[in-house]
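First residue of the sequence shown: 1, per the working numbering; consecutive thereafter. Ideal placement from N, C-alpha and C gives every residue a C-beta, glycine not left out. The structure appears below as structure tokens.
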Amino acid sequence: MTGDLDLLSLTDTQLERLYTERVEPIFQTQEQDRATAMRSFQQRLVLVIAGALGIAAGAWFIWHDAIQALIFGGVACAFSYWFAYAPLSAVATATKDKALTAIAHAIGCTYTLSGFERDGLQHFEELRLLPSCDRSEYQDCFRGTYKGCGFAFYDGHLERRVQTKNGSRWETVFRGQLISIAFPKKFLGTTVVRRDAGIFNTVARWFSSMQRVGLGDSRLEKAFEVYATDQVEARYLIHPVFMERLLALEAAFKGERLRCAFVDGLLLVAVEGGDKFEIGSMFAKLADIGRVRAIVADITEVMRLVDAVLTAEQSPLPSP
Numbered sequence: 001m002t003g004d005l006d007l008l009s010l011t012d013t014q015l016e017r018l019y020t021e022r023v024e025p026i027f028q029t030q031e032q033d034r035a036t037a038m039r040s041f042q043q044r045l046v047l048v049i050a051g052a053l054g055i056a057a058g059a060w061f062i063w064h065d066a067i068q069a070l071i072f073g074g075v076a077c078a079f080s081y082w083f084a085y086a087p088l089s090a091v092a093t094a095t096k097d098k099a100l101t102a103i104a105h106a107i108g109c110t111y112t113l114s115g116f117e118r119d120g121l122q123h124f125e126e127l128r129l130l131p132s133c134d135r136s137e138y139q140d141c142f143r144g145t146y147k148g149c150g151f152a153f154y155d156g157h158l159e160r161r162v163q164t165k166n167g168s169r170w171e172t173v174f175r176g177q178l179i180s181i182a183f184p185k186k187f188l189g190t191t192v193v194r195r196d197a198g199i200f201n202t203v204a205r206w207f208s209s210m211q212r213v214g215l216g217d218s219r220l221e222k223a224f225e226v227y228a229t230d231q232v233e234a235r236y237l238i239h240p241v242f243m244e245r246l247l248a249l250e251a252a253f254k255g256e257r258l259r260c261a262f263v264d265g266l267l268l269v270a271v272e273g274g275d276k277f278e279i280g281s282m283f284a285k286l287a288d289i290g291r292v293r294a295i296v297a298d299i300t301e302v303m304r305l306v307d308a309v310l311t312a313e314q315s316p317l318p319s320p
């Protein structure tokens, strides 16, 4: 990264400077919009809740059934809140876009809220690094160069429609971060590393050309399963330094089911780390360094992961 700030060694003084010089002016400009949206929210909420109560009363009048009235009233209230919050949501999106763009520029990255090229997504799907889904949303893409390698990371939210006795509902099957790191040269084969059985129980059946790779360490064997098309290259790529780093960064990242793959010159990492890079509540004034502190902490977690895997891969192997 070529920005002014190195997140991996960021001091409180540097964070305060980032806030006062780059982000606080954005918050001050957006605060008037937030206050206007807040008034609109309050006005809308009064009207739509009254309408929702009217719908519940109408349901009771028609069916004389308290359960039916509660269902109709509950659905109406949920829709009413969504409608009332829409102006605040618009301000939150605009503020987030501007603030995260400013932070990204300070650390030498670019930021795109949505509609970006999803680096490595085809490989993520083909190699089953992501579960199958019926709908998906990707946002908050940071892109840059670090230690001579291009990288991109972004949030992903995948959902599957599940049938229930009362119809259907949407179930989250993945919410976390997708990381793509481009190495200068392509790999000879494909290597897949998974943390737990989960969605990979039948990976060997999906890829008949891939073989299980032994790690030669009982502790690592219990922690990971590795499949590859090139056994020699796989053992070079997944040396003990790298595997130990995966265990450490999963714990530091506070994520779950971290998995990765080496394919076509890309190192792909998927980790279920929840929803990150959010601007915070719109029910409080924007001018708060805590908002920036939380966002920077989220970005730093991912950059530590990027640094960890690159450091492990670029470190010389220990002598036997």
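- Ranked by Cα distance from Ala152, the options Ser89, Leu121 and Cys133 are led by Leu121.
- Bridge pairing for Leu266: Ala182 and Val263 [DSSP].
- Beta-carbon to beta-carbon, Tyr236 and Met210 are separated by about 16 Å, too far to satisfy the 8 Å threshold.
- The Cβ atoms of Thr172 and Thr229 lie no closer than 8 Å to each other.
- For Val193, the pairing in a beta bridge is given by DSSP as Val226 and Cys260.
- Counting along the chain, no alpha helix (DSSP H) covers Asp275, and no H or E run does either.
- Nearest neighbour of Asp97 by Cα position, chosen from Asp264, Val306 and Gln30, turns out to be Gln30.
- Here DSSP, grouped into helix, strand and coil, assigns Val213 to coil.
- Ranked by Cα distance from Asp6, the first of Tyr146, Glu24 and Arg44 is Tyr146.
- Boundaries of the alpha helix (DSSP H) harbouring Leu237: Gln231 to Leu237, taken from the DSSP string.
- With a cutoff of 8 Å on beta-carbon distance, Cys149 and Ala182 are scored as near each other.
- Judged by DSSP secondary structure, Leu121 falls outside any beta strand (DSSP E) and instead within the alpha helix (DSSP H) spanning Leu121 to Glu126.
- In the structure shown, Ala284 adopts coil according to DSSP, grouped into three states.
- With respect to the 8 Å criterion, Ala37 and Leu88 are classified as neighbours on the basis of their beta carbons.
- Between the region 212–219 and the region 284–296 there are fewer than three C-beta pairs closer than 8 Å, too few to call the two in contact.
- Residues of the same chain with a CB within less than 6 Å of the CB of Phe27, apart from the 5 flanking positions on each side, are Leu286 and Ala287 in chain order.
- Arg160 carries a strand assignment under DSSP once its states are collapsed to helix, strand and coil.
- Residue environment for Arg135: exposed (fewer than 16 other C-beta atoms within 10 angstroms of its C-beta).
- Rounded to the nearest angstrom, the gap between the Cα atoms of Val302 and Glu225 is 23 Å.
- Taken in chain order, the unbroken stretches of alpha helix (DSSP H) that lie wholly in the region 78–143 and span 4 residues or more are 121–126.
- Contact between Arg259 and Arg194 holds, with the beta-carbon distance rounding to 5 Å and staying under 8 Å.
- Apart from the 5 residues on each side of it in sequence, Arg291 sits with its Cβ closer than 7 Å to the Cβ of Ile279 and Gly280 in its chain, given in chain order.
- Taking one beta carbon from each stretch, the region 122–130 and the region 159–166 have fewer than 3 pairs nearer than 8 Å; the two do not touch.
- According to the DSSP secondary-structure assignment, Gly167 is paired through a beta bridge with Thr164.
- For Ala99 and Tyr19, the gap between their C-alpha atoms comes out near 10 Å.
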